[in-house]
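Visitor: In order, the protein sequences belong to chains U and C.
Numbering follows our numbering, with no gaps: position 117 of the first sequence is 117.
Numbering follows our numbering, with no gaps: position 75 of the second sequence is 217.
A virtual CB, placed ideally from N, CA and C, is assigned to each residue, including glycine.
Number of protein chains: 2
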Amino acid sequence: MDFRKVFTDYLAQKGLKNTNQRMIILQEFLEQASHLSTEELYLKVRSKYPNIGYATVHRTLKLFAECGIAAERNFGDGQGRFELMLGEQHHDHLICSRCGLIVEFENPQIEQLQNEVARRHGFVIENHRLELFGICSDCTGK
Amino acid sequence: MDFRKVFTDYLAQKGLKNTNQRMIILQEFLEQASHLSTEELYLKVRSKYPNIGYATVHRTLKLFAECGIAAERNFGDGQGRFELMLGEQHHDHLICSRCGLIVEFENPQIEQLQNEVARRHGFVIENHRLELFGICSDCTGK
DNA sequence: GGTATATTGAAAATCGTTTTCATTGTTGAT
DNA sequence: ATCAACAATGAAAACGATTTTCAATATACC
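1. For residue 222(C), count the other beta carbons within 10 Å of its own beta carbon; 16 or more makes it buried, fewer makes it exposed. Which is it?
2. Please state whether DSSP places residue 15(U) in a helix, a strand or coil.
3. So what does residue 226(C) bridge to, in DSSP terms?
4. Residue 224(C) and residue 247(C) look like a contact to me (Cβ under 8 Å); what is the Cβ gap, rounded to whole Å?
5. Give the secondary structure of residue 280(C) by DSSP, where H, G and I count as helix, E and B as strand, and everything else as coil.
6. With 16 as the cutoff for other CB atoms within 10 Å, does residue 168(C) come out buried or exposed?
7. Flag this pair as touching only if the region 233-249 of chain C and the region 182-199 of chain C have three or more C-beta atom pairs under 8 Å; answer yes or no.
8. Determine the closest residue to residue 21(U) out of 70(U), 58(U), 121(U), with distance taken between C-alpha atoms.
9. How far does the alpha helix (DSSP H) with residue 182(C) in it reach, from first residue to last?
10. Could you confirm whether any beta carbon from chain U is found closer than 7 Å to the beta carbon of residue 275(C)?
11. Using 10 angstroms around the beta-carbon of residue 236(C), count the other beta-carbons present and answer buried if the total reaches 16, otherwise exposed.
Here it is in structure tokens:
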């Protein structure tokens, strides 16, 4: 999937402008798209391009979310995080409380049970969030 | 379960002091313990006891969480919320995106599948968070 | 009661996020 | 290519929720 095209198409369609900063930030985001906070991406970008500001990184990440190439997550550490959306498939997260490792997983059975629960309570689900916190195998060993 | 006793025991054990404010805040919290934010509880308390400050409410809620009679939640609306922990049973949440209604549910089958997923990835689960966002039956009708 | 020490409330500090604003850059029309 | 319109930028300020500071007060224990 060509994320650059999705993004530039979105910009064009919205009458927004295709700037160097936006392309640089997308590039850096794609290089390591695993659940970066705004702060982390900003530091990564700034190390190579010192005059790109925090606000621009922040605004660009919001654009990524708007056009669907990224999703904003919150794992309860007080920082919003963005992750690349590879296609439509939903996935959830396993998070190591010790080292911070984040593993993605999918489980259709769980999703189905969720729908059942919702139906029983008269809800129509739009969205969900499932996070499992624990200790990963590396950290268990230590 | 006598939450007042759990709380005062915790205070005693920690060498903390049993104050009027703390008892008042616990009282108000118990009266309507359904997922209140600090702000909401503060307003509720202040309406009856105008000279209890926000900081005291906040600090007391943290104490509730520490001694296990409350748990802090975050439903992504930018406000931390506290809910009464009635015993050990874990439960998850259905949240109406339109009216904000919060319904609690439990589903052992989902929990079991979660454990399986975790095991497959070498994780030992300590904790989890599951939230289903959607539209409740009242709001669907309208 | 007296003393040590925790608590309080108001205000200030903090943290992550968002906005403002003057300047700069991009786009599309000419 | 030049121009005018307007979006984007970066620095700093504003923001909202949370947390801390600090002098005054209250509590617990002797």
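Guide: A quick look at the data gives this:
1. buried
2. coil
3. 212(C)
4. Not confirmed; about 19 Å, so no contact.
5. helix
6. buried
7. no
8. 58(U)
9. 180-190
10. yes
11. buried
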